[in-house]
Amino acid sequence: MRELYRGIRSMPYRRSLLSALLAVAGAASAQSLPKPAEFYFDQDANTARAIVAVKESGDAATDKLVRLVERDPRAHEATAQLAHIAMAAGRVDLGRQLYARVLGNIDRSHGLWRSLAWNYGWDLFRAGDAEGALAQWRALVESRNITASWMPPTLALALWTLGRKDEAVQWYAAAVRSEPQLWRTPDRYAQLLPDWRDSERAALAEVQAAWAQDPPAWP
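What the sequence shown shows, in mature numbering (1 follows the signal peptide of the UniProt record, and there is no 0), is residues -30 to -1, 1 to 189, in sequence order.
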């Protein structure tokens, strides 16, 4: 990771970083979510996916990504993958800077934006910033008229982590309404949420238990 830092620290990201951080600050200042829709069936496959610019792993991936970004500062996918690697390695500030750099150079009409926000949300959540994660996912909920199947369990997890338990149960109820055979019990979480950590699935099981105790009515 030393080479990663050395390779990117001189990049001209300051202006884009500032604009992106201002946008995030605006989102974080109003963390209320819209009420859940009745059903969530959309796959939204272009959003809920890893951003992969290179297929290598470990130091080989880092070295190749750094070279790509040095050659082309607008290599957005490479920068996003580098941001994910940095945050996964505990270089959270560096990862935030790299994500902010990409967010400052694309708008919501860009084909990468939704996946970028989804991935950044997960990296923030796993870095202990559930509030920041919710800001990213909230932007996705509000940006388009789409009811994606990933939204109810993911938002339920974030809200539960933040202590907003009633809202978490409301969002979990949307998952059950949409696919009751999948979400009524936690029995299939490993199959439904293969990329989630055990601790995340355990937290969602707490939401499910709260839902089962007092299922909210619709609407």
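Glycine is no exception: its CB is placed at the ideal position from the N, C-alpha and C atoms.
Quick check on the DSSP output: the alpha helix (DSSP H) that includes residue i runs from which residue to which?
i    : result
H80  : Where H80 is concerned, there is no enclosing alpha helix (DSSP H), given that its DSSP letter is neither H nor E.
G102 : A100 to S113
L162 : Y159 to L162
L38  : G28 to R41
Q178 : D168 to Q183
I55  : H46 to A58
D63  : V62 to L73
Taking just the CA atoms, how far does residue j sit from residue i?
i    : j    : result
S113 : R78  : 8 angstroms
A187 : W181 : 11 angstroms
A128 : T117 : 17 angstroms
A143 : I21  : 30 angstroms
V139 : Q183 : 10 angstroms
E47  : V24  : 9 angstroms
Q161 : A18  : 16 angstroms
P103 : A87  : Correcting the residue identity first, residue 103 is Ala in this sequence and not Pro. Taking the straight line joining both Cα atoms gives about 9 angstroms.
P4   : Q151 : 25 angstroms
A179 : R147 : 16 angstroms
A15  : R158 : 20 angstroms
Among the candidates the options, whose CA atom is the shortest distance from the CA of residue i?
i    : options              : result
V62  : D33, A97 and W92     : A97
S2   : Q106, P156 and L82   : Q106
N75  : D99, T49 and W92     : T49
D29  : E47, N89, Q51 and E8 : Q51
P185 : D136, P156 and A7    : D136
Just checking my contact of residue i with residue j at CB under 8 angstroms: how many whole Å lie between their CB atoms?
i    : j    : result
R171 : L163 : 6 angstroms
A126 : L64  : The Cβ separation is near 30 angstroms, so there is no contact.
Let's test the definition: count the other Cβ atoms within 10 Å of the Cβ of residue i and tell me whether it reaches 16, buried, or not, exposed.
i           : result
P123        : buried
H54         : buried
N115        : exposed
residue 208 : A question about residue 208 goes unanswered here, because the residues of the chain that appear run from -30 up to 189.
A70         : buried
V177        : buried
A(-6)       : Any reading at A(-6) needs caution, since the residue's pLDDT is 45, under 50, leaving its predicted position unreliable; the model's value is listed next. So A(-6) counts as exposed.
N89         : buried
P189        : exposed
G60         : exposed
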